[in-house]
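Accompanying notes for the structure given below.
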Amino acid sequence: MEKVLLRLADPREYLDEPEQLPAVVSAVNAFLIHEGVRLENPGGRPRLVACDPSLAHPGNQGPVELRAAMTDLINDQQMAGLLQHRLDEARTCYANGAHVAAIIMLGSLLEGVLVHVVQERDASLLGRTSPDRVYLDALIKTCHEAGWIGADVERFCHELRKYRNFVHPRAEIREAHVPDRDTLNMCWPVVNAALNDLADSQPKAA
Numbered sequence: 277m278e279k280v281l282l283r284l285a286d287p288r289e290y291l292d293e294p295e296q297l298p299a300v301v302s303a304v305n306a307f308l309i310h311e312g313v314r315l316e317n318p319g320g321r322p323r324l325v326a327c328d329p330s331l332a333h334p335g336n337q338g339p340v341e342l343r344a345a346m347t348d349l350i351n352d353q354q355m356a357g358l359l360q361h362r363l364d365e366a367r368t369c370y371a372n373g374a375h376v377a378a379i380i381m382l383g384s385l386l387e388g389v390l391v392h393v394v395q396e397r398d399a400s401l402l403g404r405t406s407p408d409r410v411y412l413d414a415l416i417k418t419c420h421e422a423g424w425i426g427a428d429v430e431r432f433c434h435e436l437r438k439y440r441n442f443v444h445p446r447a448e449i450r451e452a453h454v455p456d457r458d459t460l461n462m463c464w465p466v467v468n469a470a471l472n473d474l475a476d477s478q479p480k481a482a
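If you count the sequence shown from 1, position 163 lands on 439 in this note's numbering, and the numbers rise without skipping.
Next comes the structure, spelled out in structure tokens:
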């Protein structure tokens, strides 16, 4: 059985459809979590790792349940797969007590989703700013002003952005605060709410 599970997370099994790998791994992990294990494939090397069932899927247990898939938000299948992988990595960080790493990963995920949503829905909102140079602060404001995320989500996304900046050690020193599990448990529903709002505001196909 272990060999079968490892093949499911092996990139070599998805050479024709690499974008399918993150979705398959997420689906399998949804069942494995109840047994206290999950699939990971760091560096393309699949493995089974032990995890705490109560911690592995905070995004599905919080007060704001995630109702959207990356493919519901982003048309670029390759990017949707990459961002889903970021979400899975954030869950791995959570399960292993890497709280700051998980928050940074969630901030990176949010930025990636927002910039691609703006590009696909109305790239003119970026003005002359390159997608590679736009800041998360501007993306959050732009998506709120466009009516894609609510005022409450915008406000708390800015708080998440501040913690995402802890990727710079000096920022964490200035704040004199070390994020812990409680901090992460507050950040995760913000990301879920943002993704849900983006899904609800998705333009209807003509």
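From the three backbone atoms N, C-alpha and C, an ideal C-beta is built for every residue, glycine too.
For residue j and residue i, the rounded distance between their alpha carbons
| i | j | result |
| --- | --- | --- |
| Val389 | Lys279 | 34 Å |
| Leu359 | Ala452 | 30 Å |
| Leu282 | Pro322 | 6 Å |
| Ala306 | Ala475 | 22 Å |
| Val467 | Glu311 | 27 Å |
| Ser384 | Ala378 | 10 Å |
| Gly338 | Ala371 | At Gly338, the pLDDT of 48 sits below 50, so the modelled position is not reliable; the number obtained from the coordinates is stated separately. Distance between the alpha carbons of Gly338 and Ala371: 15 Å. |
| Arg288 | Leu297 | 10 Å |
| Glu480 | Arg446 | It should be pointed out that residue 480 corresponds to Lys in this sequence rather than to Glu. About 44 Å. |
| Pro455 | Thr405 | 32 Å |
| Glu448 | Ala345 | 31 Å |
| Asp413 | Thr459 | 20 Å |
Per-residue burial, residue i [other beta carbons within 10 Å of its own, 16 or more giving buried]
| i | result |
| --- | --- |
| Leu291 | exposed |
| Tyr411 | exposed |
| Phe442 | buried |
| His444 | exposed |
| Phe432 | buried |
| Asn472 | buried |
| Arg409 | exposed |
| Met277 | exposed |
| Gly357 | buried |
| Ser400 | exposed |
| Glu365 | buried |
| Ala303 | exposed |
| Ala332 | Low confidence applies here, because Ala332 scores a pLDDT of 47, under 50, leaving its location unreliable and the question unanswered by this model. |
Integer-rounded CB distance, given that residue j should sit under 8 Å from residue i
| i | j | result |
| --- | --- | --- |
| Arg343 | Val325 | So it is not a contact: roughly 27 Å between Cβ atoms. |
| Arg437 | Ile380 | Actually they are not in contact, since the Cβ atoms of Arg437 and Ile380 sit about 11 Å apart, beyond 8 Å. |
| Arg457 | His375 | 6 Å |
| Gln478 | Asp398 | No, Gln478 and Asp398 are not in contact; Cβ-Cβ is about 13 Å, not under 8 Å. |
Best match in the options for proximity to residue i [C-alpha to C-alpha]
| i | options | result |
| --- | --- | --- |
| Gln353 | Asp286, Glu295, Arg431 | Glu295 |
| Ala299 | Arg446, Glu365, His361, Leu386 | His361 |
| Leu415 | Leu402, Gly426, Thr347 | Leu402 |
| Glu387 | Asp286, Leu363, Pro479 | Leu363 |
| Met355 | Gly373, Cys369, Gln395, Cys463 | Gln395 |
| Ala422 | Pro407, Val393, Cys463, His434 | Val393 |
| His434 | Met346, Cys463, Glu316 | Cys463 |
| Leu382 | Asn461, Cys419, Ile309 | Asn461 |
| Thr368 | Ile309, Gly357, His420, Ser400 | Ile309 |
| Glu430 | Thr459, Pro407, Pro465 | Pro465 |
| Gly426 | Ala469, Val301, Gly373 | Ala469 |
| Asn317 | Val391, Lys417, Leu284 | Leu284 |
Completely contained alpha helix (DSSP H) runs for the stretch 423-450, where each covers 4 or more residues: 427-440
Runs of alpha helix (DSSP H) wholly within the stretch 343-429 (minimum 4 residues, chain order): 346-349, 353-371, 375-398, 412-421
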